[in-house]
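In my numbering, the protein residues as written are 84 to 308.
Let me begin by presenting the structure, written as structure tokens, before commenting on it.
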């Protein structure tokens, strides 16, 4: 997402439209989709929207040991390395067309710890800015979020207490909150991300265009009038 819309993880005020987004760190379509959604929110008037990010692990069985993206493609999908490289190049071109950095040298690992810190950040009203920051830097190749020190550095930068973040990462704290988000996703029939729920009524699956997100926001608002 871009930096221009104001969002909060606080309980929605009267008249606010709630927008919940199930997402995962390493999902490139989540990265692109969130960028488009934020533009749509800006167009629609972000001051009237309460945005909350929800946890969803696309690869919950991934190793905690980082691997390259082509290695993951080959191991998980049985694709040859060259096919994985070509897929990454196509995503890089798509991101560049939308003004987003996209490194093909980034690593992939289990994202549970990132989600646990997201849950901590949500509790402090900083979930959106934390996740946006760490995801953009991850895709830009500027940070390794699977390294606890690097993840903590980003969390502190957006206002979280470093000692609290380190304590969370040294334990299993907030894992239950991650599972709660994922249970709710299953109840909603979610099988992939990004998945957007507007006003607890209107669902948008997949990375849609800015226009499609703007139309969904407009429809959700009209339904309340």
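C-beta: ideal position from N, C-alpha, C; glycine also.
Bridge partners - residue i, DSSP secondary structure assignment
{"i": "residue 138", "result": "106"}
{"i": "residue 278", "result": "105, 288"}
{"i": "residue 132", "result": "100"}
Spatial neighbours of residue i in its chain, beta-carbon cut-off 8 Å, leaving aside the 5 residues before and after
{"i": "residue 258", "result": "195, 199"}
{"i": "residue 294", "result": "123"}
{"i": "residue 273", "result": "105, 139, 288"}
{"i": "residue 158", "result": "150"}
For residue i, the three-state DSSP class (helix, strand or coil)
{"i": "residue 115", "result": "helix"}
{"i": "residue 190", "result": "strand"}
{"i": "residue 245", "result": "helix"}
{"i": "residue 251", "result": "helix"}
{"i": "residue 237", "result": "helix"}
{"i": "residue 305", "result": "helix"}
{"i": "residue 120", "result": "helix"}
{"i": "residue 295", "result": "helix"}
{"i": "residue 127", "result": "helix"}
{"i": "residue 145", "result": "coil"}
{"i": "residue 93", "result": "Per-residue confidence for residue 93 stands at a pLDDT of 43, beneath the threshold of 50, marking its modelled position as unreliable; the derived number appears in the next sentence. If DSSP states are grouped into helix, strand and coil, residue 93 belongs with coil."}
Contacts around residue i, its chain only, beta-carbon distance under 7 Å, and the 5 residues preceding and following it disregarded
{"i": "residue 88", "result": "Residue placement at residue 88 is flagged as unreliable, the pLDDT there being 33, under the threshold of 50; a coordinate-derived value is accordingly withheld."}
{"i": "residue 179", "result": "185"}
{"i": "residue 84", "result": "Any answer about residue 84 is weak, because its pLDDT of 38 lies below 50 and its placement is not dependable; what the coordinates show is given next. So the qualifying residues of the chain are 117, 118, 120, 121, 215."}
{"i": "residue 292", "result": "119"}
{"i": "residue 99", "result": "131, 132, 133"}
Host alpha helix (DSSP H) of residue i (start-end)
{"i": "residue 156", "result": "152-160"}
{"i": "residue 222", "result": "210-222"}
{"i": "residue 195", "result": "195-206"}
{"i": "residue 395", "result": "Summary: the structure shown does not reach residue 395, with the chain confined to residues 84 through 308, and so no result is reported for it."}
{"i": "residue 167", "result": "164-180"}
{"i": "residue 264", "result": "258-270"}
Extent of the continuous beta strand (DSSP E) run through residue i
{"i": "residue 287", "result": "285-288"}
Cβ-Cβ distance between residue i and residue j below 7 Å
{"i": "residue 264", "j": "residue 224", "result": "no"}
{"i": "residue 282", "j": "residue 250", "result": "no"}
{"i": "residue 136", "j": "residue 210", "result": "yes"}
{"i": "residue 278", "j": "residue 112", "result": "no"}
{"i": "residue 153", "j": "residue 192", "result": "no"}
{"i": "residue 248", "j": "residue 238", "result": "yes"}
{"i": "residue 290", "j": "residue 182", "result": "no"}
{"i": "residue 175", "j": "residue 185", "result": "yes"}
{"i": "residue 276", "j": "residue 107", "result": "yes"}
{"i": "residue 297", "j": "residue 285", "result": "no"}
Cutoff 6 Å; reference residue i; Cβ partners in own chain excluding five residues on either side
{"i": "residue 228", "result": "197, 217, 221, 234"}
{"i": "residue 268", "result": "105, 139"}
{"i": "residue 102", "result": "132, 134, 281"}
{"i": "residue 203", "result": "251, 257"}
{"i": "residue 156", "result": "162, 167"}
{"i": "residue 160", "result": "none"}
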